[in-house]
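Written below as structure tokens is the structure these notes are about.
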Amino acid sequence: MLLYFIKRLAGAVPVLIVVSGIIFALMQLAPGDAVTMLISDEASEADKARIREAWGLDRPPFIQFLNFLGNALTGDFGMSFRYKMPVIEIVLERLPATIELAVAATLIAVGVGVPLGVLAAARPGTAWDAIASAFSFAGISMPNFWLGILLILFFAGYLNILPSGGREPWGLGVESVTGFLIIDSILAGRWDALGAALKHLALPAIVLGTNMTGIITQMTRAQVLDALREDFVMTARSKGVSEARVLWRHAFRNAMVGVVTIIGLEFGTLLSGAMIVETVFAWPGIGSLLINGISSRDFPLIIGLVLVYTGMFIVMNLLIDLFYTLIDPRIRMN
Amino acid sequence: MDNASQTTMSLRDRWHALRTQYRHLTGFKGIYGVLTIVLLVVFGLFADLIAPHAPNRQDLMLALTPPDWRGPHVLGTDHVGRDILSRIIHGARVSLIIATAVALFASVAGVFLGIVSGYFRGRIDSAIQKVAEIFWSFPPLMLAIAIVAFIGQGLTIVIVALTAQRWIPYCRVTRAESMALREREFILAAQSLGAGHWFILRQHILPNVMLSVIVMTSFAMANAIISESSLSFLGLGVPPSIPTWGGMLSDARSYISSAWWMALFPGLAIFLTVLGLNLLGDALRNQFDPKLKSH
Chain A
508 MLLYFIKRLA GAVPVLIVVS GIIFALMQLA PGDAVTMLIS DEASEADKAR IREAWGLDRP
568 PFIQFLNFLG NALTGDFGMS FRYKMPVIEI VLERLPATIE LAVAATLIAV GVGVPLGVLA
628 AARPGTAWDA IASAFSFAGI SMPNFWLGIL LILFFAGYLN ILPSGGREPW GLGVESVTGF
688 LIIDSILAGR WDALGAALKH LALPAIVLGT NMTGIITQMT RAQVLDALRE DFVMTARSKG
748 VSEARVLWRH AFRNAMVGVV TIIGLEFGTL LSGAMIVETV FAWPGIGSLL INGISSRDFP
808 LIIGLVLVYT GMFIVMNLLI DLFYTLIDPR IRMN
Chain B
-1 MDNASQTTMS LRDRWHALRT QYRHLTGFKG IYGVLTIVLL VVFGLFADLI APHAPNRQDL
59 MLALTPPDWR GPHVLGTDHV GRDILSRIIH GARVSLIIAT AVALFASVAG VFLGIVSGYF
119 RGRIDSAIQK VAEIFWSFPP LMLAIAIVAF IGQGLTIVIV ALTAQRWIPY CRVTRAESMA
179 LREREFILAA QSLGAGHWFI LRQHILPNVM LSVIVMTSFA MANAIISESS LSFLGLGVPP
239 SIPTWGGMLS DARSYISSAW WMALFPGLAI FLTVLGLNLL GDALRNQFDP KLKSH
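In the order they appear, the protein sequences are chains A and B. Residue 508 is where the first sequence starts when you use my numbering, and the numbers rise one by one after that. Residue -1 is where the second sequence starts when you use my numbering, and the numbers rise one by one after that.
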């Protein structure tokens, strides 16, 4: 088991190297010169050359790439052009906000999607089923930036009960221990801060979770329907087990494996969605950091972030495989 | 059925026969989905004739005019006085071009690589699958964002950027299907009759994977439209001079408190179009692929 995990982990390393190579090659194709973005127009050619040398931009691309790869292995993605800070520090500082948002969105998606899907599967062809189906198709087809703007219009503008963006009000003053505002607020015993944090989190998390809610509803329904056709359900029914117990204890539990897999598979979509949702709600995570980095052509920051995103995605896929193997011993053989 | 009985069949009977045979496609999902595609194509092709105003004509005197059913600007105007309805109709053009081009290129590349992979197996297969694995390691949209961020904006670049990952689902599905097909008797018979590999791929494998390809294309188009509008919304899509639904929403963000119509209508256009394509895909899947049925 451990050997399998190590083998899979080792297999991911070349993929990450090739992925960083693709990103690096794209960067070489970029028009324009990063140096002109860095310093004022009045700078002399000699100044520019000096900066080019200091940043290593004068060396051949392949050497630059090897250098970069070597540094990346030690967690050094270089200095951000814009923030004049190591990329890894900025990313680590912003990462908890994105994770907080992604976890909240997943909880909402599971909390709404799973019961809705089970309900639809328990009464196929009824109004419940139709509502769940309409809801899930709407969720899957919803552009999250549009939903975000509409919810801001309604809850922040019209009703004025929720903030329109940001992660916390000015001067909240909760000491950062873990970087997760909700956990930090609880640790400090600041219930007012927790309330403020949850209020800021509500809209972005709902928007980010909508897509996933739709997919989880559909998949849960399909999985539970499949499980209800299995022999063990018929056995349970013939033993006189109540219908509710058949549904939840037998069908639902067996359907759960598929649902957990979907949550894992949707993780990538969640990451991309977070970039857009963070931009709409001015949420200070790594997604909005990337979009800002692109507009200021902050190459080290962009490369570092794309690698962090891709790395998280690869690790997540690895964990899904592992979860599969743990749940279903038949897969381990292959 | 012989010709005589076919001619005596009334139109109504024929419709019923068709409805029974294509129960899913002639249901709400199928009809709404087909209608969406028809509207998208008509708006996209004839935007100049249909739109009441020129999409880029500015009139600052008329900036931020609210919607008015009787007025010249039915859905209102934006911050520089451009007609929202006309811009939505013209925006359909970009969505249509991107959705068609991405689906076309992705399906051609993906299906070719997929059936070759599954039919020949061996080294070709592992090489193609390795490439697919690498491109699939980027979170969705991330590769597209990186490509546009580094190389620049433009219709062609967006199409390339979105195709870069979209061919993979086609490849995966057709690979699995052609792997199963190559063990079937009719393929073995063709082989023993001396048919060449390319002949078999073209004459026997390709026609048998087409139904899945059609189903996937509907979803691929939905995905391309939502991805393009996401990129345009982030300012990473086609140049802002071309009206796009995502770009209109990006403009709307700055006027969110004063002009709700700027945000509502372009988003509705994206939502209804993507919904139509997703419903059509679902109807096609239920109709043609009982294994993947959603109900």
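Where a beta carbon is used, it is the ideal one built from N, C-alpha and C, also for glycine. Every value quoted in this text rests on a predicted model; they were computed, and no experiment measured them.
Neighbour list for Trp13 of chain B in chain A, Cβ cutoff strictly below 9 Å: Near Trp13 of chain B there are no residues of chain A at all, since even the closest Cβ is about 24 Å away, more than 9 Å.
Residue(s) in a DSSP beta bridge with Ile18 of chain B: Checking the displayed sequence, the identity of residue 18 of chain B turns out to be Thr instead of Ile. Answer is none; Thr18 of chain B lacks a bridge partner.
Span of the alpha helix (DSSP H), counted from its first residue to its last, around Asn35 of chain B: The sequence given here places Ile at residue 35 of chain B; Asn does not occur at that position. Note, Ile35 of chain B: alpha helix (DSSP H), 26 to 48.
Cβ neighbours of Ser216 of chain B in the same chain (closer than 8 Å, five flanking residues each side left out): Gly31, Leu275, Asn276, Leu278, Gly279, Leu282
Residue-chain proximity (Val72 of chain B, chain A), Cβ-Cβ < 7 Å: no
Cβ of Pro167 of chain B within 7 Å of any chain A Cβ: no
Contacts of Gly664 of chain A in chain B (Cβ-Cβ under 9 Å): Ile254, Ser255, Trp258
Ile223 of chain B and Ser93 of chain B closer than 7 Å at C-beta: yes
Proximity test, Cβ basis, 7 Å: Phe231 of chain B and chain A: yes
7 Å Cβ cutoff met for Ala627 of chain A and Ala639 of chain A: yes
Met823 of chain A at chain B interface by Cβ criterion, 7 Å: no
Inter-residue spacing [alpha-carbon to alpha-carbon] between Val621 of chain A and Val764 of chain A: 12 Å
Which listed residue (B:Leu270, B:Ser248, B:Phe269) has its alpha carbon closest to that of Asp76 of chain B: B:Ser248
Identity of the residues DSSP links to Ala81 of chain B by a beta bridge: Correcting the residue type first, residue 81 of chain B is Asp in the shown sequence and not Ala. In DSSP, Asp81 of chain B forms a bridge with B:Thr75.
Test item: CB-CB of Tyr816 of chain A and Leu778 of chain A under 7 Å: yes
Host alpha helix (DSSP H) of Ser256 of chain B (start-end): Taken as a continuous stretch (DSSP letters only), Ser256 of chain B belongs to no alpha helix (DSSP H), as it is neither H nor E.
For Pro593 of chain A: DSSP bridge partner residues: A:Met586
Chain-order list of residues whose beta-carbon lies under 7 Å from that of Asn824 of chain A (same chain, five-residue window excluded): none
7 Å CB neighbourhood of Ala104 of chain B in its chain, flanking five on each side removed: Thr161, Arg164, Trp165, Tyr168, Ala218
Cα-Cα separation, Thr613 of chain A to Ile82 of chain B: 35 Å
Straight-line Cα distance separating Val158 of chain B from Gly150 of chain B: 12 Å
Pairwise C-alpha distance: Ala781 of chain A and Leu608 of chain A: 8 Å
Thr727 of chain A classed as buried or exposed, judged by whether at least 16 other C-beta atoms fall within 10 angstroms: buried
Completely contained alpha helix (DSSP H) runs for the segment 143 to 215 of chain B, where each covers 4 or more residues: 153 to 179, 183 to 190, 195 to 198
Cβ distance (whole Å) where Leu710 of chain A is taken to contact Phe662 of chain A below 8 Å: 6 Å
Own chain, CB closer than 8 Å to Asp0 of chain B, minus 5 neighbours either side, in chain order: Residue placement at Asp0 of chain B is flagged as unreliable, the pLDDT there being 46, under the threshold of 50; the coordinate-derived value follows with that caveat. The answer is none, since no qualifying residue turns up.
Distance CB(Leu62 of chain B)-CB(Ala257 of chain B) smaller than 7 Å: yes
Cβ contact (3+ pairs, closer than 8 Å) linking the segment 567 to 580 of chain A and the segment 525 to 539 of chain A: yes
Element boundaries [alpha helix (DSSP H), containing Trp243 of chain B]: 243 to 250
For Ser225 of chain B, the nearest candidate out of B:Leu9, B:Gly244, B:Val39 (CA to CA): B:Gly244
Beta-carbon proximity list for Val109 of chain B, same chain, < 7 Å, skipping 5 on both sides: Tyr168, Thr172, Val207, Val211
7 Å Cβ cutoff, Tyr511 of chain A in contact with chain B: no
Rounded straight-line distance, which links the Cα of Pro138 of chain B to that of His71 of chain B: 38 Å
Residues near Ala90 of chain B by beta carbon distance below 6 Å, same chain, minus five either side: Leu38, Phe41, Gly42
Option in A:Phe572, A:Ala519, A:Leu523, A:Leu658 with minimal Cα separation from Pro855 of chain A: Summary: the structure shown does not reach residue 855 of chain A, with chain A confined to residues 508 through 841, and so no result is reported for it.
C-alpha gap between Ser239 of chain B and Met246 of chain B, whole angstroms: 11 Å
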